[in-house]
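Trainee: Every position in the sequence shown, counted from 1, becomes a number in my numbering once 37 is added.
Note that the Cβ used here is the ideal one computed from N, Cα and C, for glycine as well.
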Amino acid sequence: MFIQASHLMKKFTIPNDLLTSYKTPYFTSGFVRHNGTDCTFTTSESWVILNPIEQSIKRKIEAVGTPLKDWDIQINYGIKTGCNEAFIIDEAKRAELIAADPKSVEIIRPILRGRDIKRYGYEWAHLYLIATFPSRHYDIEQYPAVKNYLLTFDKQRLLDSGLEEIANSDALLRDFCHQRLEQSGKDIILNGHKVIIEGKVQKARKKTGNKWFETQDQIGYWEDFSLPKIIYPNMTKYLPFLLDKMKFTTNQKCFIITGKHLGYLTAFLNSSLFKYCYRDSFPELQAGTRELSKIFFDKLAVAEVTDKQNAEFEELVGKIQDLPANAERRYLEKLVDNMIFKIHGLSEDESRQIGFFEIV
38 MFIQASHLMK KFTIPNDLLT SYKTPYFTSG FVRHNGTDCT FTTSESWVIL NPIEQSIKRK
98 IEAVGTPLKD WDIQINYGIK TGCNEAFIID EAKRAELIAA DPKSVEIIRP ILRGRDIKRY
158 GYEWAHLYLI ATFPSRHYDI EQYPAVKNYL LTFDKQRLLD SGLEEIANSD ALLRDFCHQR
218 LEQSGKDIIL NGHKVIIEGK VQKARKKTGN KWFETQDQIG YWEDFSLPKI IYPNMTKYLP
278 FLLDKMKFTT NQKCFIITGK HLGYLTAFLN SSLFKYCYRD SFPELQAGTR ELSKIFFDKL
338 AVAEVTDKQN AEFEELVGKI QDLPANAERR YLEKLVDNMI FKIHGLSEDE SRQIGFFEIV
C-alpha cells in the first residue's frame, strides 16, 4: 500500500501484525518492509505522507516559521464583475472611450487574469477593467462614453444570434444591455417576451444591492490594487507568484497579498523550498492543478525576516522579474533558493535533497 504525494513516492508503514493478517504476496513482500515510512498523525488537521528527510525539513520550517495568518499581510480575492464581456475591454476599446471622453481614463485600469501570471512574471494580454467599484460611489453620468458603451456592449452577440431586431434598434439594444447588467437575477424581457439565445433565457447578473453599471462585488479594498502586491492564480499547476508594482487590477481567478515584506514573501513562495514542502498542502484538482485558497495559505509557516533582509530579497526579485529565461536568471533563482534554505536552518544534505525544484 503506498500513496503518491509530492514528487517522490511515499509509503505507509504496515505493522507486523497487520502484515501477517494478510495472505496476499503484496502485503508480505520485502518492498513494503524495506520501503515503509513512519508517520505520526496527532491532530485533526489535514496531513501529507512524507519520508524521513522531508519530515525533518518540514519540522524545521514549522519550528522557525510563523503562520501567514499571523503576518502583517492581507489576502484578498480579485474582482468579480459578474459580466466580464462588458467590464473587461481590449486596448482598442480603451482608446476609443478615452478619445470620446478623456475623463474615461479615470475608471479604466489594466487587468491581469489568473492565466497571465507566471513565476516571477506575467504575460499581459493588454486588457483593461472598467473599474466602477460600488464602494467608490461613481456617478455614471460623469462618464458618458463609458455609459454609452455599457448600454451597447452586447450588440455583436445579438447580431450573431440572429436577433437583428434588437441589435439594430437603439432603444431595444440599450434596454437589453441595461437589463443584462442590472444586479437583480431576473429574466430579460423585451416587448413582453423573454429574450432567448441558443435555447437559454437571458438573465441579469445575480441579485445584489449594487447599481447596473457597477462591478458585482463591493471591492472595499480597491486601494490595495494600487499598492505593491503579490498576485497569484487561485488554481494552478505551476505555483507562480508575481510581485506587482504596476498597479494592475486582477480578475476573480487571482488572489492578491498586500502588507509587509512582500519581496521576501514573493521569493519564498517562488522558491524550491515552498514547492517541496507545501505543494501537497493544497488540494489537487485535475491534471495536477492545485487550489490555492486563502484558508490553506493562512496555515503556512514561514520564517520572518528583518526589513534589511526583505530589502535584499526585493532587489533580487526585481532583477529576476526583469530578466528573460536565461542563465543569469537561473543563477539568481538558485541564489534566492540558497538564501531561503539558510534562513530556515536547513543543512547541506537537506538543501541537496530539495535541489532546484521546478514543476513542469
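#1: Write down the C-beta distance between Ala-340 and Gly-102 rounded to the nearest angstrom, noting that I regard them as a contact closer than 8 angstroms.
#2: Along the chain, where does the beta strand (DSSP E) that runs through Leu-245 open and close?
#3: For Leu-412, write down the residues that DSSP places opposite it in a beta bridge.
#4: Is His-230 helix, strand or coil by DSSP?
#5: Measuring alpha carbon to alpha carbon, tell me which of Lys-244, Pro-147, Leu-227, Leu-360 ends up nearest Asp-127.
#6: Identify which residue in Leu-218, Thr-303, Tyr-315, Thr-245 has its Cα closest to the Cα of Glu-99.
#7: Would you report the Cα separation of Ile-94 and Glu-387, rounded to the nearest angstrom?
#8: Pull up the distance between the alpha-carbon of Asp-359 and that of His-230, whole angstroms please.
#9: Just the Cα atoms here: how many angstroms apart are Phe-262 and Arg-96?
#10: Leaving out five residues on either side along the sequence, give the residues of the same chain with a beta carbon under 8 angstroms from the beta carbon of Ile-225.
#11: For chain B, find out if any of its Cβ atoms is closer than 9 angstroms to the Cβ of Pro-104; answer yes or no.
#12: For Tyr-275, which residues from the same chain have a beta carbon less than 7 angstroms from its beta carbon, with the 5 sequence-adjacent residues on both sides left out?
#13: DSSP three-state call for Gln-289: helix, strand or coil?
#14: Can you check which of these residues, Ile-125, Thr-252, Ile-357, is closest to Lys-117 by C-alpha distance?
#15: Have a look at Lys-336, Gly-236, Leu-210 and flag the residue whose alpha-carbon is nearest the alpha-carbon of Leu-187.
#16: Can you tell me the Cβ-Cβ gap for Asp-109 and Lys-345, rounded? I've got them flagged as a contact below 8 angstroms.
#17: Taking 9 angstroms as the threshold (C-beta atoms), are Gly-151 and Thr-303 in contact?
#18: Assign Thr-57 to one of two classes, buried (16 or more other C-beta atoms within 10 Å of its C-beta) or exposed (fewer than that).
#19: State the start and end residues of the unbroken alpha helix (DSSP H) segment that holds Asn-185.
Mentor: In this structure, then:
#1: Residue numbering aside, residue 340 sits at position 303 when the sequence shown is read from its first letter. Residue numbering aside, residue 102 sits at position 65 when the sequence shown is read from its first letter. Indeed, because the Cβ distance is near 5 angstroms, the residues count as touching under 8 angstroms.
#2: For this step, residue 245 is matched to residue 208 along the sequence shown. At residue 245 the sequence reads Thr, which differs from the Leu that was named. Note, Thr-245: premise wrong, no beta strand (DSSP E); not H, not E.
#3: Residue 412 lies beyond the range of the chain shown here (38 to 397); nothing can be said about it.
#4: Residue numbering aside, residue 230 sits at position 193 when the sequence shown is read from its first letter. In this structure, His-230 counts as strand in the three-state DSSP scheme.
#5: On the sequence shown, position 90 is the one that residue 127 refers to. Comparing Cα-Cα distances from Asp-127 to each of Lys-244, Pro-147, Leu-227, Leu-360, the minimum goes to Pro-147.
#6: On the sequence shown, residue 99 is found 62 positions in, with the first residue counted as 1. That would be Tyr-315, whose Cα lies nearest to the Cα of Glu-99.
#7: The residue labelled residue 94 in the question sits at position 57 within the sequence shown. The residue labelled residue 387 in the question sits at position 350 within the sequence shown. Roughly 7 angstroms between the two C-alpha positions.
#8: To locate residue 359, count along the sequence shown from 1; it is residue 322. To locate residue 230, count along the sequence shown from 1; it is residue 193. For Asp-359 and His-230, the distance between alpha carbons rounds to 55 angstroms.
#9: Here residue 262 refers to the residue found at position 225 of the sequence shown. Here residue 96 refers to the residue found at position 59 of the sequence shown. Approximately 35 angstroms, taken between the alpha carbons.
#10: As a first step, residue 225 must be located in the sequence shown, where it is residue number 188. Around Ile-225: Phe-213, Gln-216, Arg-217, Lys-231, Val-232, Val-238, Gln-239, Lys-240, Ala-241.
#11: Included in the structure is just one protein chain, with no chain B present.
#12: Taking the sequence shown and counting its residues from 1, one reaches residue 275 at position 238. Result list for Tyr-275: Arg-156, Ile-396, in chain order.
#13: In the sequence shown, the residue the question calls residue 289 occupies position 252. Gln-289: coil per DSSP, three-state reduction.
#14: As a first step, residue 117 must be located in the sequence shown, where it is residue number 80. Ranking the options by Cα distance to Lys-117, first place goes to Thr-252.
#15: As a working note, residue 187 is residue 150 in the sequence shown. Of the candidates Lys-336, Gly-236, Leu-210, the one whose C-alpha sits nearest the C-alpha of Leu-187 is Leu-210.
#16: In the sequence shown, residue 109 corresponds to position 72, counting from 1. In the sequence shown, residue 345 corresponds to position 308, counting from 1. Between Lys-345 and Asp-109 the Cβ distance is about 17 angstroms, and since that is not below 8 angstroms, they are no contact.
#17: Here residue 303 is taken as the residue at index 266 of the sequence shown, counted from 1. Here residue 151 is taken as the residue at index 114 of the sequence shown, counted from 1. Against a cut-off of 9 angstroms, the Cβ pair of Gly-151 and Thr-303 comes out as no contact.
#18: The residue labelled residue 57 in the question sits at position 20 within the sequence shown. With a pLDDT of only 46 at Thr-57, under 50, the local geometry of the prediction cannot be trusted, and the value read off the model is given with reservation. Burial call: exposed.
#19: Here residue 185 refers to the residue found at position 148 when the sequence shown is read from its first residue. Counting along the chain, the alpha helix (DSSP H) containing Asn-185 begins and ends at 181 to 187.
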